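**Q** Attaching a single structure in structure tokens format; questions to follow.
Residue numbers (UniProt numbering), protein chains in the order written: chain A, 1 to 105; chain B, 1 to 302; chain C, 1 to 312.
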């Protein structure tokens, strides 16, 4: 049985996929993962998940974010006057970045 | 005899009438269905399904925007088409204008399925349209519609597994099926602000024949309806739902025609619900005395 | 972990579902996040008629997308609250429907006209974003993660709300007049968004001591005024005389709190304000009408599908 492993490096951070292990049950999967994926890189927590329980939908299945113009969803579409609040500006920058990366993929 | 729609200024009156009739039926279907879908926002069965249906509403509205925009070439803008047009001049089928009864999620997913299969077929028949903009825009629209169809199918399969759910689907089907057939009815040419002519209902079939003859759409409405039936009837029957058509009947076409509702939308006759809906959706525009519509996005290219 | 340890360790994103946390922490965090989640839903419920009433297709799209995002935020937040193990999402939504769930004061007031939309979509969302930005450093990790996504998306809402305000305030004389009137009606409520001064706020001290809250109500309210008074003036809105607002020497602002109607605020906060009750009832009707769907799905799930059960 294959278990997918997600690592969180430090408290508060996100768990990100880092690999997998073969193991017959959850207990051994946890123990194997601790060694295989936690022994060198900084690790605060690992999640182990049975691979069979993972559903996947990919860009072949669905046009993520649509194919027609959805620019109404993005802060960058709206031009407003005067200095924006810092958190609004930060959101807009993050959205600009995401939009650009969407465009590149 | 395919028309030439490369340049919009040299259109004959026949070409222009065919183009306007085709695009209003396409755009109006999407526009009004989207409007109805948004009724589920903040009212869907779960937060996740709320998000998904809102997505589909926005997609359909985006498609309406693309279809309406093709008519910009003949001098019709969003203001004229969506906000200042006489509601009786809209050409959507009545399937999309019916209000959702509170909580009738069976209607929402079934209507979506019936519509989305029909839409996929008609988009296919537009991929080789003689109008370059229509042909160009089909691809973008179709890739969004795939999700709509699969989403509707998943819900139907899910609900049909449950006795209560299947019963509600059957009720919705009995009510919606005749209205779904209006999707394949020829549309009376819209007046679009022109002086009221005799507005001859009999012209509808002839204009739709022009749509095909001019290569704007490459399948007839009869062909589309028959393909649609060959998909939706077996699927619905596989869910143990009874469809009100007997495809082995002696004269299935006549049987289907007999099922059609009195008001078909395409013929300019609408249910009362449409006029209420139109009144509400134009309310701000009228009350603020607006004379133009705000655009946020750039005009579609291509 | 006992409360002393929690206080000692409290810091940004310090605690996760893997930690054994005391009841006091889990209940306080649940109350706070549930309130936040409920507010997303009730805000969306208040705004939903304006998807239909938007005066153009693009505005309609943006409004639909905005309401959709708010429901998405509700989804994230209920999950962050649920992961504390005190209440399930179903229970929280049930409480919201039956009038026990509490939510932001602004979403208890009826909204009748398009000219009111920027009062929520610009000012209230702007205020919310001020607060949410600070909550990215809350001590409950799932809440902080929810805030990451909320803050990412919310910039669109505020900018769109501001764009509607700009359009109205550069529109016809009638539009400008109606918008100013709406602003005068909404302004005190918007200032009350941040609640009363900290010493009158029941839960404040505890929430700060365990790192759930990062900034005080006063600090946030002042930070809001500093940013949004200039914005309002910039678009030609006149700030009402009441509540009195003092401009300090450094150009920042402070509100005369006694000028605000706190009796009304607390009536609203207790879900006892009639228009707000109307909103709650309306949403309850909608939620009950689709109860059959949730039941149908659950019956199927029990009938042999191998869908994994959610485990908390």
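C-beta: ideal position from N, C-alpha, C; glycine also.
Here the structure is a predicted model, which means the values were calculated and not measured.
#1: Mapping the DSSP letters down to three states, classify residue 150(C) as helix, strand or coil.
#2: Any Cβ of chain B within less than 7 Å of the Cβ of residue 294(C)?
#3: Along the alpha helix (DSSP H) that carries residue 38(C), what are the first and last residues, could you check?
#4: So for residue 314(C), helix, strand or coil by DSSP?
#5: Within 7 Å of any Cβ in chain B, is that where the Cβ of residue 312(C) sits?
#6: Taking only beta-carbon positions, decide if residue 158(C) is within less than 7 Å of chain A.
#7: Using 10 angstroms around the beta-carbon of residue 311(C), count the other beta-carbons present and answer buried if the total reaches 16, otherwise exposed.
#8: Taking the C-alpha atoms as reference points, what is the distance between residue 164(C) and residue 117(C)?
#9: I'd like to know whether the C-beta atoms of residue 28(B) and residue 131(B) end up nearer to each other than 7 Å.
#10: Which residue's Cα is closest to the Cα of residue 250(C): 39(C), 269(C) and 223(C)?
#11: Shortest alpha-carbon distance to residue 167(B) belongs to which of 209(B), 239(B) and 61(B)?
#12: Rounding to the nearest angstrom, what Cα-Cα distance links residue 287(C) and residue 14(B) in this structure?
#13: Consult DSSP for residue 302(C) and reduce its assignment to one of helix, strand or coil.
#14: Do you know how far the Cα of residue 279(C) is from the Cα of residue 16(A)?
#15: From the beta carbon of residue 72(A), is the nearest beta carbon of chain B less than 7 Å away?
#16: Hey, how far is the Cα of residue 10(A) from the Cα of residue 21(C)?
#17: If you reduce the DSSP assignment to three classes, tell me which class residue 57(A) lands in.
#18: Grab the span of the alpha helix (DSSP H) containing residue 56(B) for me, first residue to last.
#19: Find out if the Cβ-Cβ distance for the pair residue 218(C), residue 252(C) is shorter than 7 Å.
#20: Pick helix, strand or coil for residue 4(C), following the three-state DSSP scheme.
#21: For residue 204(C) and residue 216(C), I'd like the C-alpha separation in whole angstroms.
#22: What residues from chain C crowd round residue 42(A), counting only those whose CB sits closer than 8 Å?
#23: Can you pull the chain B residues whose beta carbon is under 7 Å from the beta carbon of residue 58(C), in chain order?
#24: Are there any heavy atoms of the ligand SAM lying less than 6 Å away from the beta-carbon of residue 19(B), as far as the coordinates show?
#25: Using a C-beta to C-beta distance shorter than 7 Å, which residues of chain B count as neighbours of residue 313(C)?
#26: Determine which residues of the region 134-167 of chain C have a Cβ less than 8 Å from any Cβ of chain A, and write them out in chain order.
#27: Using 7 Å as the threshold, is the C-beta distance between residue 33(A) and residue 21(A) below it?
#28: By the three-class DSSP mapping on this structure, what secondary structure does residue 189(C) have?
#29: Looking at the structure shown, is residue 242(C) part of a helix, part of a strand, or coil, going by DSSP?
#30: Is it a yes or a no for the region 57-71 of chain A touching the region 143-152 of chain C, going by three-plus beta-carbon pairs under 8 Å?
#31: What is the DSSP secondary structure of residue 67(C), counted as helix, strand or coil?
#32: Indicate the three-state DSSP secondary structure (helix, strand or coil) for residue 160(B) in the structure shown.
#33: For residue 49(B), which of 223(B), 9(B), 154(B) and 30(B) has the nearest alpha-carbon?
#34: Find the nearest neighbour of residue 41(C) within the set 101(C), 82(C), 140(C) and 30(C), judged by alpha-carbon distance.
#35: Does the Cβ-Cβ distance between residue 169(C) and residue 179(C) come in under 7 Å?
#36: Who are residue 232(B)'s beta bridge partners in DSSP?
**A** Result, derived from the coordinates:
#1: Locating residue 150(C) in the third chain gives position 150, counting from the first residue. In the structure shown, residue 150(C) sits in a helix (DSSP, three-state: H, G or I).
#2: Your numbering for residue 294(C) matches position 294 in the third chain. It does; some Cβ of chain B falls within 7 Å.
#3: For this step, residue 38(C) is matched to residue 38 along the third chain. Residues 23-47.
#4: As displayed, chain C neither begins before 1 nor continues past 312, which places residue 314(C) out of reach and without an answer.
#5: Walking along the third chain from the start, residue 312(C) turns up at place 312. At residue 312(C) the pLDDT is 40, less than 50, meaning the model places this residue with poor confidence and gives no usable figure here.
#6: Within the third chain, numbered from 1, the residue matching residue 158(C) stands at position 158. Answer yes: the Cβ-Cβ gap between residue 158(C) and chain A drops below 7 Å somewhere.
#7: Locating residue 311(C) in the third chain gives position 311, counting from the first residue. Reliability of the predicted coordinates at residue 311(C) is poor, the pLDDT of 40 falling under 50, and the value obtained from them is presented with this limitation in mind. Looking at its Cβ environment, which holds fewer than 16 other Cβ atoms inside 10 Å, residue 311(C) is exposed.
#8: Taking the first residue of the third chain as 1, we reach residue 164(C) at position 164. Taking the first residue of the third chain as 1, we reach residue 117(C) at position 117. Rounded to the nearest angstrom, the gap between the Cα atoms of residue 164(C) and residue 117(C) is 8 Å.
#9: If you number the second chain from 1, residue 28(B) lands on position 28. If you number the second chain from 1, residue 131(B) lands on position 131. Against a cut-off of 7 Å, the Cβ pair of residue 131(B) and residue 28(B) comes out as no contact.
#10: Counting from 1 along the third chain, the entry for residue 250(C) is found at position 250. For residue 250(C), the nearest C-alpha among the options comes from 223(C).
#11: On the second chain, position 167 is the one that residue 167(B) refers to. For residue 167(B), the nearest C-alpha among the options comes from 239(B).
#12: Within the third chain, the letter at position 287 stands for residue 287(C). Within the second chain, the letter at position 14 stands for residue 14(B). Roughly 51 Å between the two C-alpha positions.
#13: The residue labelled residue 302(C) in the question sits at position 302 within the third chain. Only weak support exists for where residue 302(C) lies, its pLDDT of 48 falling under 50; the coordinates are left without a value.
#14: Numbered from 1 along the first chain, position 16 holds the residue referred to as residue 16(A). Numbered from 1 along the third chain, position 279 holds the residue referred to as residue 279(C). Taking the straight line from one Cα to the other gives about 41 Å.
#15: Mapped onto the first chain, residue 72(A) falls at position 72. Residue 72(A) counts as touching chain B.
#16: Locating residue 10(A) in the first chain gives position 10, counting from the first residue. Locating residue 21(C) in the third chain gives position 21, counting from the first residue. Going by the C-alpha atoms only, they are around 19 Å apart.
#17: Translated into the one-based positions of the first chain, residue 57(A) becomes position 57. Residue state, collapsed to three classes: coil.
#18: Within the second chain, the letter at position 56 stands for residue 56(B). Where residue 56(B) is concerned, the enclosing alpha helix (DSSP H) stretches over 47-70.
#19: Here the question's residue 218(C) lines up with position 218 in the third chain. Here the question's residue 252(C) lines up with position 252 in the third chain. For the pair residue 218(C) and residue 252(C), the CB atoms are not nearer than the 7 Å cut-off.
#20: In the third chain, residue 4(C) corresponds to position 4, counting from 1. Of the three classes helix, strand and coil, the one that applies to residue 4(C) here is helix, per DSSP.
#21: What you label residue 204(C) is simply residue 204 of the third chain in a count that begins at 1. What you label residue 216(C) is simply residue 216 of the third chain in a count that begins at 1. So the two alpha carbons sit approximately 8 Å from each other.
#22: To locate residue 42(A), count along the first chain from 1; it is residue 42. Under the 8 Å cutoff, chain C gives no residues; its nearest Cβ is about 16 Å from residue 42(A).
#23: As a first step, residue 58(C) must be located in the third chain, where it is residue number 58. In chain order: 294, 295, 296 and 297.
#24: Summarising the ligand content, the structure contains no ligands, and the ligand SAM is consequently not present.
#25: With chain C covering only 1 through 312, there is no way to say anything about residue 313(C).
#26: 141, 144, 145, 151, 152, 153, 154, 155, 156, 158, 159, 160, 162, 163 and 166
#27: Reading the first chain from its first residue, position 33 is the one you call residue 33(A). Reading the first chain from its first residue, position 21 is the one you call residue 21(A). Yes, Cβ-Cβ distance for residue 33(A) and residue 21(A) is below 7 Å.
#28: Along the third chain, read from residue 1 onward, the residue named residue 189(C) stands at position 189. Helix at residue 189(C).
#29: The residue you call residue 242(C) lines up with position 242 of the third chain. Looking at residue 242(C) - three-state DSSP - the assignment turns out to be coil, as it is neither helix nor strand.
#30: no
#31: Sequence index remark: in the third chain, residue 67(C) carries index 67 (1-based). Note: residue 67(C) maps to helix in three-state DSSP.
#32: For the purposes of this step, residue 160(B) is identified with residue 160 of the second chain, where counting begins at 1. Helix, per DSSP.
#33: If you number the second chain from 1, residue 49(B) lands on position 49. Nearest option by C-alpha distance: 154(B).
#34: Start at 1 with the first residue of the third chain, and residue 41(C) comes out as number 41. Closest by alpha carbon: 101(C).
#35: The residue labelled residue 169(C) in the question sits at position 169 within the third chain. The residue labelled residue 179(C) in the question sits at position 179 within the third chain. A contact, by the Cβ cut-off of 7 Å.
#36: Along the second chain, one-based indexing puts residue 232(B) at 232. Residue pairing of residue 232(B) in beta bridges, as defined by DSSP: absent, with no partner found.
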